[in-house]
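Read the structure below first, then the notes.
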Amino acid sequence: MAKRNVARTGKILLAHGSGGRLSHELVAKEFVPPWANPILDQLNDSAVFALSTDGTGPRLAFTTDSYVVKPLFFKGGDIGRLAVCGTVNDLAMVGAKPLYLSASFVIEEGLSLANMRAVVKSMRQAAAEADVQIVTGDTKVVEGGAADGLFVNTAGLGLVPPGLDIGGGRARVGDAIILSGSIGDHGIAVISQREGLEFEAPVASDVAPLNDLVAAMLTTSANVRVLRDPTRGGLATSLNEIAQQSGVGIQIDEPKIPIKDGVWGACEMLGFDPLYVANEGKLITIVGPEDAEKVLSVMRKTRYGEEAAIIGEVVAEPQGKVLMKTTIGGTRIVHMLVGEMLPRIC
Amino acid sequence: MVRYVREFHDAAAARGLAATIERITSRSVNLMEVCGTHTVAIFRHGIRDLLPPPLSMLSGPGCPVCVTTNGDIDKAIALAEQPGLTLATFGDMMKVPGSYQSLQQVKADGSDVRVVYSPRDAVCMARDNPQRPVVFFAVGFETTVPTIAASLLEAEALGLKNFYLISVHKLIPPAMLALLEAGDVRIDGFICPGHVSVVIGSQPYQFIPQQYGVPCVITGFEPLDVLQGIEMLLRQIAENRAEVEIQYRRGVRPEGNPLARELVSRVFETSDADWRGLGCIPASGLKLRPEYSRFDAEEAFAIKPPPTKEHKGCLCGDILRGVKTPPECPLFAGTCTPERPVGPCMVSSEGTCAGWYQYGSR
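Below, the structure is given as structure tokens:
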């Protein structure tokens with residue numbers, strides 16, 4: 005039977021795009037080996053490289069991401085704002101100052117011009133907010149059915165400050181783990197809109213550019229070691245990546261993780277675990293313990309870090325794993341997302 | 187609703203209950219949580235961690251995805267492979283391996299298989315595509331059936347000629363009876379499912395204390411609910427009582443929901459049903475009444491699913507009866523993972539193996 009199993013049928017499944025473990029396997033087995041090089045092998049949110057061949061001089065951060073969200077417009081944002089913020093944030097997560105973006109559109113015939121213009125306008129606003137410029141682009145139109153309305157790809161270039169070294173492999177035992185705000189807002193906003201579900205407290209997506217927040221943190225402390233935006237796969241998946249890359253354990257405290265009532269309620273109803281729900285305007289940082297309070301107070305003074313909280317610390321054991329002390333005082337292991345998040349049926 | 191949920195996560199109250207549980211657990215006790223939602227709640231909130239060692243929690247057959255047989259999955263697949271037909275079902279069913287493949291695979295091969303959140307979505311699909319047969323693969327327990335009955339009546343009221351059901355619904359109390367009759371594991375108390383009981387009330391469990399002397403507590407799903415349900419069972423055991431008590435009073439009335447039951451009995455009648463792991467259990471399923479047989483997909487389409495095959499080495503059957511735990515299965519976490527499930531208990535978010543995999547240490 006094993007031979008006939010789902011992932012061995014030679015086809016790409018939706019779960020390969022969920023941001024969880026199948027996505028990681030796809031990248032690690034199918035993409036990295038044939039293209040392997042030292043820059044690709046960093047496997048951080050952006051590739052960082054020096055312009056000169058001897059490795060000295062200015063360093064650039066370079067990243068790309070495609071956006072296929074459905075519906076195109078949702079409470080708190082739209083595909084355009086998402087496409088700008090997502091790429092800006094990938095640059096910010098290696099500590100870079102985002103500078104220039106590209107924008108490519110794959111448009112399904114029949115998309116209304118009004119929707120197209122609304123997306124373009126939203127991208128302009130998001131770019132202005134993040135202080136980046138969209139400097140090149142491309143457009144393709146495909147026949148009806150070959151795309152779902154509109155797919156957007158953005159790539160981004162940023163400048164990494166000299167001497168800065170941020171990466172998922174740098175967490176050390178004793179470091180503090182800080183989360184910039186409440187989790188699950190984006191995923192719940194999109195799924196409720198998509199499925200026409202209405203909850204008592206409607207949830208808006210948190211989609212936002214985080215480069216100003218990151219800049220403020222880096223100005224305050226030289227001990228910011230890891231930055232990560234917990235998008236697909238949620239907080240749980242990002243923390244697992246960090247634990248594995250750094251070879252440390254991560255201990256978090258459930259009551260300290262901010263979750264909005266609306267997100268909580270929707271998760272209860274749909275059978276989701278908020279730890280695995282996507283965010284588009286949040287970051288996790290791992291900071292040396294001596295600077296944790298200082299960084300936290302600076303984060304709280306910024307627009308997108310008002311609800312920041314220290315949610316746990318880096319520990320020695322169990323290596324590569326994430327443990328959570330639950331609200332009622334039990335402890336459980338928090339694994340990486342497996343498969344897709346699906347609603348429960350009973 | 188949300189406003190009252192967080193109170194059920196109070197740490198001080200949990201500590202109090204855990205201390206009481208420890209005090210009154212005098213001997214080795216096996217409690218079975220019948221329902222998959224309880225299994226997941228126990229893992230997610232780290233409840234095992236708070237229980238004293240002589241107290242074992244066994245997981246029962248209460249995950250509708252898990253107890254669906256290979257044969258029933260094969261039937262749904264055979265239907266999905268009919269050209270021009272849409273098969274709609276709940277998300278968890280997509281990945282369950284049948285004898286040869288899963289619905290997810292036939293979808294990737296080009297069959298029109300859709301995930302819906304409610305059977306009404308399938309009715310709307312049928313209404314919007316009158317030329318296309320839409321089959322709803324209906325899986326679930328007493329909780330889910332009323333919405334399916336209501337959807338079918340809606341399809342009838344709309345005069346839809348292209349909406350069909352495969353009903354593999356199952357009923358919980360007959361499965362509990364089968365477990366007690368099989369007797370291959372000692373059960374000292376049942377945590378009865380809260381949601382199912384909202385519909386059926388407490389009466390259908392009465393035979394358990396009366397004929398088998400086993401205490402039952404109908405329990406809610408928040409961490410304090412579960413701890414209190416366990417505490418109430420232990421008190422019954424300590425006091426040598428056996429009765430059906432309701433912990434989940436904010437949701438369950440002794441008489442259940444007569445309206446929902448009436449809706450179900452208008453459309454469905456009980457039938458024998460095949461359960462994975464438990465075999466055929468008399469009067470444990472629901473089939474369409476003769477007056478609604480035109481909605482029965484198996485009657486409307488001539489399908490010939492291939493002969494069923496069981497997965498070698500998979501212990502799902504024993505796990506569904508509480509006889510084995512997932513780590514005792516040779517396939518667990520090796521050959522069988524949520525990405526490459528061999529058995530259904532690893533697929534469903536409420537399956538016992540998926541719970542151990544997702545939340546247990548390995």
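Sequences listed follow chains A and B, in order.
If you want the numbering used here, it's the 1-based position in the first sequence plus 4.
If you want the numbering used here, it's the 1-based position in the second sequence plus 186.
Ideal placement from N, C-alpha and C gives every residue a C-beta, glycine not left out.
The beta strand (DSSP E) enclosing residue i, as first and last residue numbers
i       : result
R232(A) : 228-232
R336(A) : 335-338
R549(B) : This structure does not reach residue 549(B), given that chain B is present from 187 up to 548, and the question cannot be answered.
A483(B) : Not the beta strand (DSSP E): A483(B) falls in the alpha helix (DSSP H), residues 483-486.
P379(B) : 375-379
M328(A) : 326-329
V301(B) : 298-301
A312(A) : A312(A) -> no beta strand (DSSP E), and no H or E assigned at all.
DSSP-derived helix/strand/coil call for residue i
i       : result
K286(A) : coil
A151(A) : coil
A192(A) : For clarity, residue 192(A) is Ile in the given sequence; the question names Ala instead. Reduced to three states, the DSSP call for I192(A) is helix.
I261(A) : coil
F229(B) : helix
G172(A) : coil
Q291(B) : helix
F53(A)  : strand
D216(A) : helix
C89(A)  : helix
P359(B) : helix
C522(B) : strand
E496(B) : coil
N119(A) : helix
E477(B) : helix
F194(B) : helix
I432(B) : strand
V267(A) : helix
C402(B) : strand
I256(A) : strand
Range covered by the alpha helix (DSSP H) that runs through residue i
i       : result
N244(A) : 238-250
S108(A) : Note, S108(A): premise wrong, no alpha helix (DSSP H); beta strand (DSSP E) at 101-112.
Y280(A) : Y280(A) -> no alpha helix (DSSP H), and no H or E assigned at all.
R304(A) : 296-304
Y543(B) : 538-545
T333(B) : 331-343
A32(A)  : Neither: A32(A) is in no alpha helix (DSSP H) and is coded neither H nor E.
F393(B) : 393-398
K347(B) : Taken as a continuous stretch (DSSP letters only), K347(B) belongs to no alpha helix (DSSP H), as it is neither H nor E.
S451(B) : 444-453
K144(A) : Counting along the chain, K144(A) falls outside any alpha helix (DSSP H), though it belongs to the beta strand (DSSP E) covering 137-146.
N256(B) : 256-266
T206(B) : 197-210
E417(B) : 409-424
Chain-ordered chain A contacts of residue i [CB-CB under 7 Å]
i       : result
L217(B) : Going along chain A, no residue has its Cβ under 7 Å from L217(B), so there is no contact; the nearest lies around 17 Å.
A200(B) : I332, G333
P493(B) : Here the premise fails: no neighbours, minimum Cβ distance about 14 Å.
G463(B) : Chain A residues near G463(B): none, gap ~17 Å exceeds 7 Å.
Own chain, CB closer than 6 Å to residue i, minus 5 neighbours either side, in chain order
i       : result
R174(A) : R229, V230
H195(B) : P409
S4(A)   : No statement about residue 4(A) is possible, as the shown extent of chain A runs from 5 to 350 and does not include it.
G499(B) : P516, L517
G191(A) : V281, A282
Neighbour flag for residue i against chain C, beta carbons, 8 Å
i       : result
D235(B) : Of the chains in the structure shown, none is chain C; the protein chains are A and B.
Chain B contact residues for residue i, given Cβ-Cβ distances below 8 Å
i       : result
E310(A) : Within 8 Å Cβ-Cβ: nothing; E310(A) doesn't reach chain B, min ~21 Å.
Chain A contact residues for residue i, given Cβ-Cβ distances below 8 Å
i       : result
A197(B) : P259, T331, I332, G333
F229(B) : R336
Whole-Å CB distance - residue i paired with residue j, under 8 Å assumed
i       : j       : result
K101(A) : L168(A) : 10 Å between Cβ atoms; not a contact.
T224(A) : K298(A) : 6 Å
E317(A) : I181(A) : 6 Å
L217(B) : L241(B) : 7 Å
D179(A) : V291(A) : 6 Å
Amino acids of chain B, ordered along the chain, whose beta-carbon sits closer than 9 Å to that of residue i
i       : result
L26(A)  : E525
V342(A) : T523, P524, E525, A540, Y543, Q544
H190(A) : Correct list: empty, because the minimum Cβ distance to chain B is about 19 Å.
Residues near residue i in its chain [Cβ-Cβ closer than 7 Å; skip 5 each side]
i       : result
G1(A)   : Nothing about residue 1(A) can be read from this structure; chain A reaches only from 5 to 350.
P359(B) : P390, Y391
Proximal residues of chain B, C-beta to C-beta of residue i below 7 Å
i     : result
L2(A) : One cannot answer for residue 2(A) here, as it falls past the ends of chain A, which runs 5 to 350.
Neighbour list for residue i in chain A, Cβ cutoff strictly below 9 Å
i       : result
P409(B) : T330, T331, I332, G334
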